[in-house]
Amino acid sequence: MRVLLKLAIRNLIGAGLRTWLNVLVLSLTFVIIIASQGIYRGMGDQAAQSLTDVEYGGGQYWQNAYDPYDPLSIQDAHAPIPEELKQPIASGQATAILTIQGTLYPQGRFLPVLVKGIDPAQTILKLPSSWLQSESMLSDEAMIPDEIPAFVGTRMASTARLNPGDTVILRWRDSYGAFDARTIRIIQIFRTTVQSVDSGQVWIPLHILQAMARMENEATIITLARNTPSPAAEIPGWHFKSLKYLLRDIDQLVASKTIGASIIYLVLLFMSLLAIFDTQVLSIFRRIKEIGTLVSLGLTRRQIVLLFTLEGTLHAVLAAVLAAIYGFPLLSKFARTGWGMPQAFDSYGLALGERLFPVFRAGLVIGTVILIMLLTTIVSLMPARRLSHLKPTDALRGKLQ
Amino acid sequence: MDNTVIQTIDLVKTYPMGLHQLVALNKVNLSFVRGEFAGLVGPSGSGKTTFLNLVGTLDSPTSGQVKVMGINLEELSPLQAAQLRKQHIGFIFQTFNLFPVYTAYENVDFPLLLLTLSSSERRRLVMEALEWVGLADRANSRPAQLSGGECQRVAIARAIVKKPSIVLADEPTANLDAENSYKILDIMVELNRELRLTFIFATHDEKVIRYLHRKITLFDGKVARDERLEPGAAVTAG
Numbered sequence: 001m002r003v004l005l006k007l008a009i010r011n012l013i014g015a016g017l018r019t020w021l022n023v024l025v026l027s028l029t030f031v032i033i034i035a036s037q038g039i040y041r042g043m044g045d046q047a048a049q050s051l052t053d054v055e056y057g058g059g060q061y062w063q064n065a066y067d068p069y070d071p072l073s074i075q076d077a078h079a080p081i082p083e084e085l086k087q088p089i090a091s092g093q094a095t096a097i098l099t100i101q102g103t104l105y106p107q108g109r110f111l112p113v114l115v116k117g118i119d120p121a122q123t124i125l126k127l128p129s130s131w132l133q134s135e136s137m138l139s140d141e142a143m144i145p146d147e148i149p150a151f152v153g154t155r156m157a158s159t160a161r162l163n164p165g166d167t168v169i170l171r172w173r174d175s176y177g178a179f180d181a182r183t184i185r186i187i188q189i190f191r192t193t194v195q196s197v198d199s200g201q202v203w204i205p206l207h208i209l210q211a212m213a214r215m216e217n218e219a220t221i222i223t224l225a226r227n228t229p230s231p232a233a234e235i236p237g238w239h240f241k242s243l244k245y246l247l248r249d250i251d252q253l254v255a256s257k258t259i260g261a262s263i264i265y266l267v268l269l270f271m272s273l274l275a276i277f278d279t280q281v282l283s284i285f286r287r288i289k290e291i292g293t294l295v296s297l298g299l300t301r302r303q304i305v306l307l308f309t310l311e312g313t314l315h316a317v318l319a320a321v322l323a324a325i326y327g328f329p330l331l332s333k334f335a336r337t338g339w340g341m342p343q344a345f346d347s348y349g350l351a352l353g354e355r356l357f358p359v360f361r362a363g364l365v366i367g368t369v370i371l372i373m374l375l376t377t378i379v380s381l382m383p384a385r386r387l388s389h390l391k392p393t394d395a396l397r398g399k400l401q
Numbered sequence: 402m403d404n405t406v407i408q409t410i411d412l413v414k415t416y417p418m419g420l421h422q423l424v425a426l427n428k429v430n431l432s433f434v435r436g437e438f439a440g441l442v443g444p445s446g447s448g449k450t451t452f453l454n455l456v457g458t459l460d461s462p463t464s465g466q467v468k469v470m471g472i473n474l475e476e477l478s479p480l481q482a483a484q485l486r487k488q489h490i491g492f493i494f495q496t497f498n499l500f501p502v503y504t505a506y507e508n509v510d511f512p513l514l515l516l517t518l519s520s521s522e523r524r525r526l527v528m529e530a531l532e533w534v535g536l537a538d539r540a541n542s543r544p545a546q547l548s549g550g551e552c553q554r555v556a557i558a559r560a561i562v563k564k565p566s567i568v569l570a571d572e573p574t575a576n577l578d579a580e581n582s583y584k585i586l587d588i589m590v591e592l593n594r595e596l597r598l599t600f601i602f603a604t605h606d607e608k609v610i611r612y613l614h615r616k617i618t619l620f621d622g623k624v625a626r627d628e629r630l631e632p633g634a635a636v637t638a639g
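Read top to bottom, the protein sequences are chains S and Z.
All residue numbers for the first sequence refer to this note's numbering, where the first residue is 1 and numbers rise by one.
All residue numbers for the second sequence refer to this note's numbering, where the first residue is 402 and numbers rise by one.
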């Protein structure tokens, strides 16, 4: 085997430009597959991280009626905070969010919004709730202040044309069906990559919203801190949604994008493998006398099949080495500097931010290398297998049956 | 002690030719002893190359027996046959059959690589073989950079580098001019004399025939004549 490997390397190097062209194309395939997979992995990781940080935490309890895809469910999606979750909330292991529907009247227009109440002291979600802390302290627990402190995200601010310090009328309906209205004052505007905590949403202190909606001690969602085990498997009136469940859309999106991208690199891979197959077939035709000579020098037909297969497979080995030489620094730099995302990308709904940082995991690199090696071995073996039926005397005459 | 290196007993080889069988060798009984410088002569299709292929374990007989170094080839597995070729048989072809991507040195080194000798031992043997054929200074040239005569000399070096018991040469001078033909024949005579290698040629080249110590004439697959020649009949070049 060692001798065959030595011979295969010699033959491959000796073939010169033909070998290097194949190796170059195959190495490009390696790098492109790893780069594109890394981009999608990075996209998924980044989006999942952002969503976990600002919205999902370590999982959520949803009030039974809550359905994020059905705005009409919001009206009924509230219930008293269950006893099982009061202690985690008090100890900072969970935080409650109450959501009601409302209408904002900026510059004489009206804008349907979701009004979300958040505990100003919470630290579980990376939302700037602390901005509300000093302002909300001024108001009585049971009283609704004349000017309700609020913060909104940049998308919402842009839609409603709001700036920090602006006041705007908010109208809502409480749990008894009575309409009421107050002025809200925009304390600050925050920037986030997560659209689902920004667009069409106004954030105010939880206790004020509970008072406004006459939903004292009630919540719509209770978010757990990261790595906090769910305190109770079953809480009547509430459903626990694990982080995995909450991130399933992202995972599916990344999976579908990866499949789409796979078509491109499958074509590239197919072309590279075709080049190797072609080289192998041509090599066998061109080197038919050489094969006869190899037999005369003492190689068995099986060893010759192995030699030709090794030659083909070594294309992939050399390609992996070449890809490592130029691909490693290139992809490392790419992973460090990231890829600037156009502003329009925000409208795609993925929480990516201004730069996308690809993620290249060892599994991805090793998996890609193994896959290409395996496929190269198969396409090398296919034409070489014909040699196992070749008669050495025919080969010496340059005859291939 | 029995010096026989090759023995054929009622050797028959036929090839299918449409509905008929072409008889390439018909009950050939021949023996060769160590150190012979013998040639099979005869017109095209008389069975010369077929005989070499059978002795060289590149083909198997239709019937009859071939014994090389006392071993009945019929009893050998493909691996054992390859082992026999690797250790005891050297081939020289009409078209040289050198590996084009290898240098002369690497071509000669090839059979030794298969014998898994140490690199220093291989180097010594390769340089010795190249010196025998007068090409030590062209060791790093590729076949494309060598003349036809030089290529055949590299092929001879490759055939003898492992000091085989038998060298089978199929029309070794057919692609060479007279001067180069004499050169390589002189080399082979010297190798035969110095190393006691057994040379068996398949040829119809008069120049080669003049060097032979034994001439076996084949006709229609049968041995028509088997004659010993005077050693002095050889004509030396120059």
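Backbone N, C-alpha and C define an ideal beta-carbon position, used for all residues, glycine too.
Anything in chain S within Cβ reach of R554/Z, meaning under 9 Å, just list it in chain order. Translated into the one-based positions of the second sequence, residue 554/Z becomes position 153. Under the 9 Å cutoff, chain S gives no residues; its nearest Cβ is about 16 Å from R554/Z.
Using DSSP bridges, identify the partner residues of Q60/S. For the purposes of this step, residue 60/S is taken as residue 60 along the first sequence, with counting starting at 1. According to DSSP, residue pairing for Q60/S in a beta bridge involves T223/S, K241/S.
Taking the alpha-carbon of W238/S as reference, which of P71/S, M156/S, H78/S has the nearest alpha-carbon? One-based indexing of the first sequence puts residue 238/S at position 238. Looking at the Cα atoms, H78/S is the closest of the given residues.
Have a look at A213/S and H207/S and give me their C-alpha separation to the nearest angstrom. Against the first sequence, residue 213/S aligns to sequence position 213. Against the first sequence, residue 207/S aligns to sequence position 207. Roughly 10 Å separates the two Cα atoms.
Would you call Y245/S buried or exposed, if buried means 16 or more other Cβ atoms sit within 10 Å of its Cβ? As a position in the first sequence, residue 245/S is number 245, starting the count at 1. Flag for Y245/S reads exposed.
In angstroms with no decimal places, state the Cα-to-Cα distance between Y326/S and W339/S. Taking the first sequence and counting its residues from 1, the one referred to as residue 326/S is at position 326. Taking the first sequence and counting its residues from 1, the one referred to as residue 339/S is at position 339. Those two C-alpha atoms are separated by around 19 Å.
Taking DSSP's pairing of strands, which residues face N430/Z in a bridge? One-based indexing of the second sequence puts residue 430/Z at position 29. Beta-bridge pairing links N430/Z to no other residue.
So what does F428/S bridge to, in DSSP terms? Absent from the model: residue 428/S. The displayed extent of chain S is 1 to 401, so no value can be given.
For the stretch 87-96 of chain S and the stretch 171-181 of chain S, state whether three or more C-beta atom pairs, one from each stretch, are separated by less than 8 Å. Two segments are said to touch when three or more pairs of C-beta atoms, one from each, lie closer than 8 Å; by this definition the stretch 87-96 of chain S does not touch the stretch 171-181 of chain S.
Expressed to the nearest angstrom, what Euclidean distance is found between the alpha-carbon atoms of S447/Z and K623/Z? Within the second sequence, residue 447/Z is the residue found at index 46, counting from 1. Within the second sequence, residue 623/Z is the residue found at index 222, counting from 1. Straight-line Cα distance between these residues: approximately 8 Å.
Cβ closer than 9 Å: which chain S residues qualify as neighbours of D460/Z? Stepping through the second sequence from its first residue, residue 460/Z is reached at position 59. Ordered by position in chain S, the residues that pass the 9 Å Cβ test against D460/Z are K391, P392, T393.
Assign K414/Z to one of two classes, buried (16 or more other C-beta atoms within 10 Å of its C-beta) or exposed (fewer than that). Stepping through the second sequence from its first residue, residue 414/Z is reached at position 13. Looking at its Cβ environment, which holds 16 or more other Cβ atoms inside 10 Å, K414/Z is buried.
How would you list, in chain order, the residues of chain S whose beta-carbon sits under 8 Å from the beta-carbon of Y503/Z? The residue labelled residue 503/Z in the question sits at position 102 within the second sequence. Near Y503/Z (Cβ distances below 8 Å), the residues of chain S are R10, G14.
Cross-strand partners of S464/Z (DSSP beta bridge): Working through the second sequence from its first residue, we reach residue 464/Z at position 63. DSSP lists V413/Z as partners of S464/Z.
Roughly how many angstroms separate the alpha carbons of E84/S and L125/S, rounded to a whole number? Taking the first sequence and counting its residues from 1, the one referred to as residue 84/S is at position 84. Taking the first sequence and counting its residues from 1, the one referred to as residue 125/S is at position 125. Computed Cα separation, rounded: 21 Å.
I'd like to know if L387/S contacts chain Z, where contact means its C-beta is closer than 8 Å to some C-beta of that chain. Here residue 387/S refers to the residue found at position 387 when the first sequence is read from its first residue. False, the Cβ-Cβ gap to chain Z never drops below 8 Å.
Using CA atoms only, rank isn't needed, just tell me which of I81/S, I100/S, Q75/S, A335/S is closest to A94/S. Working through the first sequence from its first residue, we reach residue 94/S at position 94. When only C-alpha atoms are compared, the closest one is I81/S.
Assign I13/S to buried or exposed, taking buried as 16 or more other Cβ atoms, counted over all protein chains shown, within 10 Å of its Cβ. Counting from one through the first sequence, the residue named residue 13/S turns up at place 13. Residue environment analysis places I13/S among the exposed positions, since fewer than 16 neighbouring C-beta atoms fall within 10 angstroms of its C-beta.
Between I617/Z and L431/Z, which are expected to be in contact by the criterion C-beta below 8 Å, what is the C-beta distance as a whole number of angstroms? Sequence index remark: in the second sequence, residue 617/Z carries index 216 (1-based). Sequence index remark: in the second sequence, residue 431/Z carries index 30 (1-based). That belief holds up - the Cβ atoms of I617/Z and L431/Z are roughly 7 Å apart, short of 8 Å.
Nearest CA to the CA of A483/Z: which residue from G165/S, L381/S, T300/S? Position 82 of the second sequence holds residue 483/Z. If we check each option's Cα against that of A483/Z, T300/S comes out closest.
Residues of the stretch 471-489 of chain Z in Cβ contact with chain S at a cutoff of 9 Å, in chain order, please. P479, L480, A482, A483, Q484, L485, R486, K487, Q488
What residues from chain S crowd round L514/Z, counting only those whose CB sits closer than 8 Å? In the second sequence, residue 514/Z corresponds to position 113, counting from 1. For L514/Z, the chain S residues whose Cβ falls inside 8 Å of its Cβ are V3, K6, L7, in order along the chain.
On a Cα-Cα basis, can you pick out the residue from D146/S, G165/S, D198/S, R182/S that is closest to R155/S? Taking the first residue of the first sequence as 1, we reach residue 155/S at position 155. The shortest Cα separation from R155/S among D146/S, G165/S, D198/S, R182/S belongs to D198/S.
Less than 7 Å between C-beta atoms, sequence neighbours within five positions excluded: which residues of the same chain meet that for L499/Z? Walking along the second sequence from the start, residue 499/Z turns up at place 98. Result list for L499/Z: N508, P544, C552, V555, A556, in chain order.
Looking at the C-beta of E290/S, does it have a partner C-beta in chain Z at a distance below 8 Å? Your numbering for residue 290/S matches position 290 in the first sequence. Taking Cβ atoms only, chain Z reaches closer than 8 Å to E290/S, which makes this a yes.
For V3/S and T574/Z, which I take to be in contact (beta-carbon distance under 8 Å), what is that distance rounded to the nearest angstrom? Sequence index remark: in the first sequence, residue 3/S carries index 3 (1-based). Sequence index remark: in the second sequence, residue 574/Z carries index 173 (1-based). Going by Cβ atoms, the distance from V3/S to T574/Z rounds to 32 Å, so no, they are not a contact pair.
Measure the CB-CB distance between R407/S and I304/S and report whether it falls below 8 Å. Examination of residue 407/S is not possible in this model, given that chain S is present from 1 through 401 alone.
Contact set for T496/Z: own chain, Cβ-Cβ below 8 Å, skip 5 residues either direction: Residue mapping note: residue 496/Z aligns to position 95 of the second sequence, counting from 1. Cβ neighbours of T496/Z beyond the five flanking positions: N576.
Positions along the stretch 299-316 of chain S whose CB lies within less than 9 Å of some CB in chain C: Absence of chain C from the displayed structure is noted, the protein chains being S and Z.
Taking the C-alpha atoms as reference points, what is the distance between P229/S and W62/S? Residue 229/S sits at position 229 when you count from the first residue of the first sequence. Residue 62/S sits at position 62 when you count from the first residue of the first sequence. Roughly 16 Å separates the two Cα atoms.
Classify H489/Z as buried or exposed, calling it buried when 16 or more other Cβ atoms lie within 10 Å of its own Cβ. The residue labelled residue 489/Z in the question sits at position 88 within the second sequence. That one is buried.
Proximity test, Cβ basis, 8 Å: S283/S and chain Z: Working through the first sequence from its first residue, we reach residue 283/S at position 283. No, S283/S does not count as interfacial toward chain Z.
Spatial neighbours of V469/Z within its chain, please: C-beta separation below 6 Å, excluding the five flanking residues on both sides. Taking the first residue of the second sequence as position 1, residue 469/Z is located at position 68. These residues qualify, in order along the chain: I407.
Should V636/Z go down as buried or exposed, given a rule of 16 or more other Cβ atoms within 10 Å for buried? Stepping through the second sequence from its first residue, residue 636/Z is reached at position 235. Note that V636/Z scores a pLDDT of 45, beneath 50, so its modelled location is shaky; the value from the coordinates is reported in the next line. Its Cβ having fewer than 16 others within 10 Å, V636/Z is exposed.
Kindly confirm or deny that the stretch 461-475 of chain Z and the stretch 583-594 of chain Z touch, where touching means at least three C-beta pairs closer than 8 Å. no
Terminal residues of the continuous beta strand (DSSP E) containing D627/Z? What you label residue 627/Z is simply residue 226 of the second sequence in a count that begins at 1. Here the beta strand (DSSP E) through D627/Z covers 623-629.
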